[in-house]
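A quick write-up on the structure given underneath.
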Amino acid sequence: MAVAASSRAPLTWAVHIAALLLVALWVFPTFGLFVSSVRDKDQIAVSGWWTALTSSTQNQVTRAPGADGQIERDGVFVIAGNVLEGGSGSVSHFGFSSRAPTDFEAGEVATLRDGSELTVQEDGSFEITANEAFTKSRGQRIFYTATAPPRFTLDNYATVIGAENLGQSFINSMTVTIPATVIPILIAAFAAYALAWMRFPGRALLIAGVVGLLVVPLQMSLIPLLSAYNTIGAFFGVPAKTYLGIWLAHTGFGLPLAIYLLRNYIAGLPSEIMESARVDGANDFLIFVKIVLPLSFPALASFAIFQFLWVWNDLLVAMVFLGAQDDELVLTGRLVNLLGSRGGDWEILTASAFITIIVPLLVFFSLQRYLVRGLLAGSVKGG
Amino acid sequence: MSGLLLTDVRKAYGPTEVIHGVDLEIDQGEFVVFVGPSGCGKSTLLRMIAGLETITDGDLQIDGTRVNDIPPSLRGIAMVFQSYALYPHMTVFDNMAFSMRIAKASKAEIQKRVTEAAEILQLTPYLNRLPKAMSGGQRQRVAIGRAIVRDPKVFLFDEPLSNLDAALRVATRIEIAKLKESLPNSTMIYVTHDQVEAMTLADRIVVLSAGYIEQVGAPIDLYEKPANLFVAKFIGSPAMNIVPATATETGTATGVTLSGGNGVTVPIASPATLSGHAVHLGFRPEDLSLSTNGSALVSGEITLVESLGEVTNLYVDVAGCEEPVVAKIAGIHLFRRGESVSLTADPGKMHLFNEEGRSLLYL
Amino acid sequence: MGQLLSALVIMILGVGGCALYFLGSNVLLDKLYPAKGQDTEVASRNINRVNSIRPWLFLGPAVLFLTAYLIYPVFDSLRLSFHDRSGDTFVGLGNYIWMVNDPLFRESMFNNMLWLIVVPTAATFFGLVIAAVTDRIWWGNIAKSLIFMPMAISFVGASVIWKFVYDYRGEGSEQIGILNAVVTAFGGAPQAWITLPFWNNFFLMVILIWIQTGFAMVILSAALRGISEETIEAAVIDGANPVQIFFKIMIPQIWGTIAVVWTTITILVLKVFDIVLAMTNGQWNSQVLANLMFDWMFRGGGDFGRGAAIAIVIMVLVIPIMVWNIRRANAEMEGR
C-alpha cells in the first residue's frame, strides 16, 4: 500500500485531509458534550458550545433593591447596586420595561415612569435617583444586555452528582458491573479449555451450540426469565428484582462470547506444550491451572474489557431485572430518566452523560490494545 | 526382556489407516532412528509410543508390560518436541522441575536432579531465565534437560533439530550423540526426515514409507544392502541410479543386459526363474567413474554439470532410461553440456532388484 | 459505599465459589479414581475413567448457565407467544394474527428493514474507507483510536450526545445544536430533526453508524494489513492504479471479513433498543421491534404473549445469520 501512496504528493494530501475530516466528524459530538458540561449553565442555553471561548451576549433581567435600600445623598434619594453582582463582563444596553429591554446604551440616563432616573454604567453599576424618597418595597426591574466572557465551571457536575443522585447511580453501576464482569471469567475459561483440548463425545455439537447462542437476541430471554424471577421471588418471599438476579443474568448472557473468545485463544496455544505437560504427568486440571490459565492472560483481559463495557453500558437488562428506585437505578437508566424529565436542561444532561461515559472511556483508552485483540479474535479466525 | 516391542501396531483415523501393522523390537540402550519422507507416519508412530495417540490395533510393550492403555506419564518415557514445548511462563529451573513437582517429589530431590541435568547440559548459569530470553540451541537443551530429569526408560525425540539453523544443528547433533554415550542404559527413539542425522546418530535405522516399515538395519547396512528400491533411493545423496535391465544369466552371479545393449555380470546370486525377466540395476553416483579404456556401463550426452569443487556431478542422458544417470566424480572436471561421456562402475558395488523392486539379496 | 463493599464481597464469594467448585470436584475425582499407589493396570484404568468424566466437570457450570439463561428462554418464549397476556390461556396464532394487523408492528418492521439495510452497509463502508485511509498516514493509529472511541460509549450516552447535536430552537433564536447551527448558517430553516416522520429514522441510525464504524474499521484494517504485500506489488508492476488495486486486488481478498463485519452489525441492529427509547421512544413513526417488544412487556402490567411473539420475530430474523456462523465455525475447525 505504501508503494501506491508515496508516489503521488497530491494524493497523499487528499488522504491526510480526508482522514482529518473523518476524525473531526467522529470526535466533534463527544467533544461538544464535554465542553458544554463545563460551561456555565446560562451560557449553554443561549450559545452553541463552539462559541465557548468567545464572549457571549445575553439579555438578562434583575431587580433593584426596594425602598429600604435607599440612601440620601445631597438631598437626592439613591438606590445603587450592580446588575452583574460582581461578576465580570460588560453591559452594552439596558432598559426598564420588558417591551423595550435594550432602549438605552450604557451610561445614558433613562427616565422612569415615576420620574426617577436610572443609569446603568458599562461595568454594571446602576443608580436610581429621585428627589423624593422611594416608597415601594418592590424594587425596580432592570433589563440589560450583558456581554459575558467565557465562564467554565464544575458546578454542573456538583449539581448532578448531588441533587440528581448520579453519585448513587454511579455506585449502583459499579455494584452491577464488577461482579458481573469477574464471575463469568473462570466459568468460561474452564469450559473453553474443555472445548479446545479435551476429547469427549458431543464436543463439536457443544461448540456449534455456543456459536449459535452467540447471536440469540437478548429479547428472547427477557420475558421467560422475568416470570421465572417473579415465581422464585414469590416462592422465597424476596423481591424479584435484586442485584443477585442481574449478576447471574449478565453472567449467563456474557458466557457465549466469553467461551467463544477464550476457546479460540486457548485452541491456538501450541499443542506440544499440552502434550509435554501430559507426558510430564499433569492431568487436565493441572494443565489448565498451571499452563493454560497463565498463558491465556491476554484473552482473559480482552473478555473482561468486553464484559465490563457491555455491562456498564447496558440499559435493557438493568431496566428489566433491577428496580427503578434510587438504590438500584444504574447510570444508563438514570440518564434515560433525565432525558424524559430534564429534556431541555443541557447543563444537567451533558454533565450526567459525561459521568456515564467517563469510566468506559478511561478503560477504553488505557486497555485499547486488549480490546482490539479481543475483537479480532472474536471475528476473524486467528486474529 | 527389556526395551520396546511393537507387534502388528496399527493406527487408523476413521476409515483411513495410516500405520499398517508395524512389527519392531528395540533393545534396551539402543539408539533407533525413524526416518522417512514427510507423511510416512514416523511421527505418528512415535506419538503412539509416547501415548499421545491411541493405538488402533496391535500391541505395544515397554519393558515387558503392555502399555496400550497406559497414559503417557506412566509409561516411563520422556519426549523432546520439535518446537521444544517449553512452558513459556516458567523459568528454566521450573520447566525442568515441573514433572517432579507434579509427582510430589521432595524439594531436595528436585534440586538435586535438576542441578545434575543442568550440569550435563551446561545450563547451570541459565536456570533462572525464562525461555524467551534464550537462544534456539539453549532452548533445545532445556527441553532435553527436562527429559533427563524424568530419568525415563525411553527417550523420544520428535525432529528435535529441525527448528535450528544449519550450524547449530550440527553442534546439537554432536551433543545428542554425547548424551547417548553418557546414558548407555537409556533407550532412545529419534524421528527425523534428515538422513544425515539418521546415519550419524543411529545404532539402527527404521525406514518408513506410507505407514509401512521398508527396512530396519544398521546405517551402513542400509547403504550397502538396501532391501528395496525405496530404501535404495532414500539413503544416499544424490540418490542411487536405477536403470532397467533384463536378466540373461542366473546362478551365483547374475548377468544382465541394459536396454542400451551393454551387459554386466553382478556377483549376486539369483534364482533360475529370473532368467529373461526384467530387473532394476542400481549403482550409486559415487561408484561411477569415467571410462578410460572404452568399456562402458552406460554412455550418453551430458545434460547438466554441477561443479561443487570437491566433486562434480554429471547428469547424463542414457538411452533407455527415463531419468538421467548421475555420476559423482571426485575433483573438478571441465565438462560442457552436450558432450558425450562413457561411465563405468565396479560390479561388486552394484545392486539388483526384481520387477517388484525387492533386492535380490533378500529374496 | 456499603453497597459497593457488599458487591465486592459477593464478587469474591462468587469467584471463590467457582474456584472451590472446580478445585473440589477435580480433587474429589482424583481421590475417587486414584492414579498413584496402584498397580499400573488399575491406575491406567482410573486415569482413563477420570479423563472421560473431567470434561463434564469443566463444562458443568457453563452448560447450566447457558441452559437456564439462553436455551430454556428460547423455548419458553416460543410457548408464551402462543398464549395470552398472562401466559395461562392458549390462544394459538392469536398473537401473530394480531401482530400482522397491528399498524405499529408493521411500522416497526418497515423501520427495522430500513435500519438493516442502511446501518450495516454504511458502517462497513465507512469502516473500510477509514481503514484504507488511516493505513496510509503516520498518525493513522491516533485517528483510528479516536474513531474507535464511540465503541466504549453506551447507546444512551451516545443518544444524549446526538440529541445535543440535533437540538432545535425556534426560528430566530440562536441554535445551540450544531446541526441546526450549520443549516441556519447556510441560510436554511432550523428543523426539529428527530420529529420528522420517516427521515428521523436516519437521524437515529447515524448514532449507531457512528458507534459501529470503529468496530468495522478495526476488523477491516487488520484484514487489509493481512493482504500479502506481494500481490499489491505485483499489481503495481502490472500497471494497476491505486483505485484499481483497492477494488480489484484488495477488496476481493477480504470479502470474507467484510461479510463477518456486515453480519455482526446486522445482529446488533436487530437488537437495537436503547437508542430509540432514549431519542424518541418510538414516537413520530420511529418505532422498532425491540422497543415495541419492551413496550408490550410492561405496558399496562405487561402482555407477555405479544411481547414474546415479537421476540420470536426478532429471533427468526437472526436465524439465517446464526446458521451461517455455525457453518463457518465448523469449516474453520475442520481446517485446524
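From first to last, the protein sequence lines are chains A, B and C.
For the first sequence, numbering that gives the first Met the number 0 gives the first residue as 0, with consecutive numbering after it.
For the second sequence, numbering that gives the first Met the number 0 gives the first residue as 0, with consecutive numbering after it.
For the third sequence, numbering that gives the first Met the number 0 gives the first residue as 0, with consecutive numbering after it.
Think of the CB as a built atom: it goes at the ideal place given N, C-alpha and C, for glycine as much as any other residue.
Asked                                                                                                                                     : Found
Whole-angstrom distance between MET216 of chain C and PHE125 of chain C, CA atom to CA atom                                               : 8 angstroms
Contact set between ASP68 of chain B and chain C, taken where Cβ atoms lie within less than 7 angstroms                                   : SER43, ASN47
Pair within 8 angstroms by beta-carbon distance, VAL215 of chain B and VAL205 of chain B                                                  : yes
Burial state of THR180 of chain A, where buried means 16 or more other Cβ atoms lie within 10 Å                                           : buried
Short Cβ contact (8 angstroms threshold) for VAL297 of chain B with VAL255 of chain B                                                     : no
Simplified DSSP state of ALA99 of chain A, which is helix, strand or coil                                                                 : strand
Per-residue DSSP class, three states only, for HIS279 of chain B                                                                          : strand
Opening and closing residue of the alpha helix (DSSP H) in which ARG9 of chain B lies                                                     : From DSSP, ARG9 of chain B is part of no alpha helix (DSSP H) but of the beta strand (DSSP E) over 3 to 12.
Beta carbon proximity, ASP324 of chain C to chain A, threshold 8 angstroms                                                                : Per the sequence presented here, residue 324 of chain C reads as Asn, with Asp not at that position. So yes, ASN324 of chain C belongs to the interface.
Which of helix, strand or coil DSSP assigns to ASP154 of chain A                                                                          : helix
Burial state of THR230 of chain A (16 or more Cβ within 10 Å)                                                                             : exposed
Within-8 angstroms CB hit, VAL2 of chain A to chain C                                                                                     : The predicted position of VAL2 of chain A is uncertain, since its pLDDT is 45 and thus under 50; a value taken from the coordinates is nonetheless stated next. With 8 angstroms as the cut-off, VAL2 of chain A counts as an interface residue toward chain C.
Where TRP254 of chain C falls, given that 16 or more other Cβ within 10 Å makes a residue buried                                          : exposed
Residues bridged to HIS19 of chain B [DSSP beta-bridge criterion]                                                                         : B:ARG9
Against chain A: residues of the region 114 to 128 of chain C by CB proximity under 7 angstroms                                           : none
Neighbour-count burial assignment, PRO28 of chain A, 16 or more Cβ in a 10 Å radius                                                       : buried
Contacts that ALA323 of chain A makes with chain C (C-beta to C-beta distance below 7 angstroms)                                          : Residues of chain C passing the Cβ test: none, with the nearest at roughly 11 angstroms.
Closest Cα partner of ILE212 of chain B within the set B:GLY2, B:PHE33, B:GLU29                                                           : B:PHE33
Whole-number beta carbon distance between ASN94 of chain B and VAL141 of chain B, since they are thought to touch under 8 angstroms       : 6 angstroms
Contact check, ALA96 of chain B vs VAL79 of chain B, beta carbons under 8 angstroms                                                       : no
CB contact flag (LEU256 of chain A, ILE304 of chain A, <8 angstroms)                                                                      : no
Contact between the region 283 to 303 of chain A and the region 231 to 243 of chain A (3+ Cβ pairs under 8 angstroms)                     : no
Coil, strand or helix - ALA145 of chain A by DSSP                                                                                         : strand
Beta-carbon spacing of VAL17 of chain B, GLY35 of chain B below 8 angstroms                                                               : no
Buried versus exposed call for ARG305 of chain C [16 or more other C-beta atoms within 10 Å across all chains shown]                      : buried
Identity of the residue in B:ARG357, B:ALA329, B:ALA277 nearest ASP286 of chain B by Cα                                                   : B:ALA329
Simplified DSSP state of HIS82 of chain C, which is helix, strand or coil                                                                 : strand
Alpha helix (DSSP H) segments (min. 4 residues) lying fully within the region 40 to 80 of chain C                                         : 71 to 79
Residues of its chain near ASN94 of chain C, where Cβ-Cβ distance is below 6 angstroms and the 5 sequence neighbours each way are ignored : SER80, GLY304, ARG305, ALA308
Residue range of the beta strand (DSSP E) that includes GLN60 of chain B                                                                  : 56 to 61
Any C-beta of chain C under 8 angstroms from that of LEU73 of chain B                                                                     : yes
Cβ contact (3+ pairs, closer than 8 angstroms) linking the region 160 to 168 of chain A and the region 80 to 98 of chain A                : no
Any C-beta of chain C under 8 angstroms from that of PRO390 of chain A                                                                    : Because chain A spans 0 through 382 in this model, residue 390 of chain A falls outside it and cannot be assessed.
Strand pairing of SER339 of chain B, partner residues [DSSP]                                                                              : B:GLU300
Residue from A:ALA239, A:TYR192, A:ALA17, A:GLN139 whose Cα sits closest to the Cα of VAL319 of chain A                                   : A:ALA239
Helix, strand or coil at ALA243 of chain B according to DSSP, with G and I counted as helix                                               : Note on residue identity: the sequence assigns Pro, not Ala, to residue 243 of chain B. In this structure, PRO243 of chain B counts as strand in the three-state DSSP scheme.
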